[in-house]
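Straight run, no breaks: the sequence shown in the working numbering ends on number 1337. Virtual Cβ for every residue (Gly too), placed ideally from N, Cα, C.
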Amino acid sequence: MSIRRTFIAGLFIVLPVIVTYWLLALLFGAVNSTVTPILTRVVQWVFSGEWLQHAWVNYFAPLVSVVLAVALVFVIGLVGGNVLGRQVLRTVENVVLRIPVVRGIYSAVRLFVDTFSRCDGRAYRGVVLVEFPRAGSWSLGLLTGNASPEVTAHTRSDLVSVFVPTTPNPTGGYLIFVPEAQALRLSMSVDDALKMIISGGVLIPEASAPDGASL
């Protein structure tokens, strides 16, 4: 394995950790800049000892911020897990969707999260190989389902919808409709396909025996 390929493989292993750390640090900073100053004032009002105030600011306040940040995420997940909580979150979401600029950003992020966070296999039915963008040029695609009745009526053929992600950003891509016979089913998982697309073909999953069959 070349140095460049080894470096890129390591980068894609470390990158999710960096992104997760960045999100947690962002949440910690938000809590630390809003809630912690209020608690600091309460401590200064209740306890007059200078040493205690110094210990709070330097040691206890950051710890409290971390605990509050974790608790906030837990509470949001707990609230969103029941019927009443989902109704509350839906109401808040409707308010956010009324804001012109924020509406577009929130909708795009929400659609991305809903699509790529599904773990029950409903988002994508599998990985396929399609001739795209021209004949003789093959691309990895994610099978999303059958084409809509309107598309089928206009083409007068049974088509399937395939999402062809772009490299290295798989959130963008092309939605194409192809005949079922022209979408060749692959045995690799969606996760392996996304890793391969993001890495530009550097991360290649272990090959399995081809079945030679289409959908």
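Assuming the contact rule is C-beta atoms closer than 8 Å, residue i and residue j should be a hit. Round their C-beta distance to whole Å, please.
i	j	result
residue 1312	residue 1264	6 Å
residue 1289	residue 1320	7 Å
residue 1304	residue 1252	7 Å
Take the Cβ of residue i as the centre, count every other Cβ of all protein chains shown within 10 Å, and call the residue buried at 16 or more, exposed below.
i	result
residue 1241	Low local confidence applies: a pLDDT of 48 at residue 1241 is under 50, so the model's placement there is unreliable, and no value is given.
residue 1287	buried
residue 1298	buried
residue 1193	exposed
For residue i, write down the residues that DSSP places opposite it in a beta bridge.
i	result
residue 1283	1267 and 1299
residue 1308	1249
residue 1261	1252
Measure the alpha-carbon distance for residue i versus residue j and round it to whole angstroms.
i	j	result
residue 1326	residue 1310	10 Å
residue 1184	residue 1199	23 Å
residue 1136	residue 1142	10 Å
residue 1155	residue 1191	12 Å
residue 1279	residue 1301	7 Å
residue 1268	residue 1307	14 Å
residue 1197	residue 1216	20 Å
residue 1222	residue 1214	15 Å
Should residue i be listed as close to the ligand PLP, given that the test is whether its C-beta is under 7 Å from any heavy atom?
i	result
residue 1283	Among the ligands in the structure shown, none appear at all, so the ligand PLP cannot be discussed.
With DSSP collapsed to three states, give me the class of residue i.
i	result
residue 1208	helix
residue 1322	coil
residue 1155	helix
residue 1253	strand
residue 1136	helix
residue 1184	helix
residue 1289	coil
residue 1327	coil
Looking at the C-beta of residue i, does it have a partner C-beta in chain E at a distance below 8 Å?
i	result
residue 1328	Absent from the structure is chain E; it holds one protein chain and no more.
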